[in-house]
Amino acid sequence: MRILVAISALMMTGACSIQEHIVPVTFSRTATREVCIREHAATRETFLAEYQRVLEQRGFQVRVVPENSPLTTCPIMTTYIARWSWDLTIYMSYAELHVYDNGVDVGRAVYDSRSGGARMDKFIDAETKIRQLVDQLFIVQQ
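This is the structure we're talking about:
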């Protein structure tokens, strides 16, 4: 009986996962430093504010463009989407960033804790997670 309980607990823990997937984009110091962010009105404004702040701290000039702007509006365009969930408190459960070079998808960062179940580490600070995703997505070579 103990073995069945242990196996059940192990299976339940395995089903509770937090996933991250990063395909980084490398920029040279001499490359264009302007990045446009296509606004996503359905995502909390605080996400956009932090995303913009982190990119500017990394040395990029950031321009926010309207939600319906084509991906070719700027040479380097980025889009985002994020969702918050409720489980004891409100927390960012999903975030997805895409980077486009002249309309071609060249990089992405995805954070997904929607299957986090009982894991307490799903209750992350959204600003910290945005910073981590940007740091892993936007690589600037010396």
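Going by our numbering, the sequence shown opens with residue 1367, and the numbers climb by one from there. We put the CB at the ideal spot given by N, CA and C, even for glycine. Note that the structure is a prediction, hence the values are computed from the model and not measured.
DSSP, read as helix, strand or coil, puts Ala1461 in strand.
According to DSSP, Ile1505 shares a beta bridge with Thr1392. Cβ atoms of Ile1442 and Val1401 come within 8 angstroms of each other, at about 5 angstroms. Between the alpha carbons of Arg1424 and Leu1454 lies a gap of roughly 34 angstroms. At a Cβ-Cβ threshold of 8 angstroms, Gly1469 and Val1391 do not count as neighbours. At a Cβ-Cβ threshold of 8 angstroms, Ser1435 and Arg1449 do not count as neighbours. Secondary structure remark: continuous beta strand (DSSP E) runs of at least 3 residues inside the segment 1395-1428, in chain order: 1400-1404. In this structure, the beta-carbon distance from Thr1444 to Val1431 does not fall below 8 angstroms. The beta-carbon distance between Ile1388 and Gln1507, rounded to whole angstroms, is 17 angstroms. This is too long to meet the 8 angstroms contact definition.
The beta carbon of Val1465 sits closer than 6 angstroms to the beta carbons of Val1391, Thr1444, Val1472 and Gly1473 from its chain, once the five residues preceding and following it are set aside; these are given in chain order. Judged by their CB atoms, Ile1505 and Glu1416 are not nearer to each other than the 8 angstroms cut-off. Taking the CA atoms as reference points, Glu1422 sits about 19 angstroms from Ile1447.
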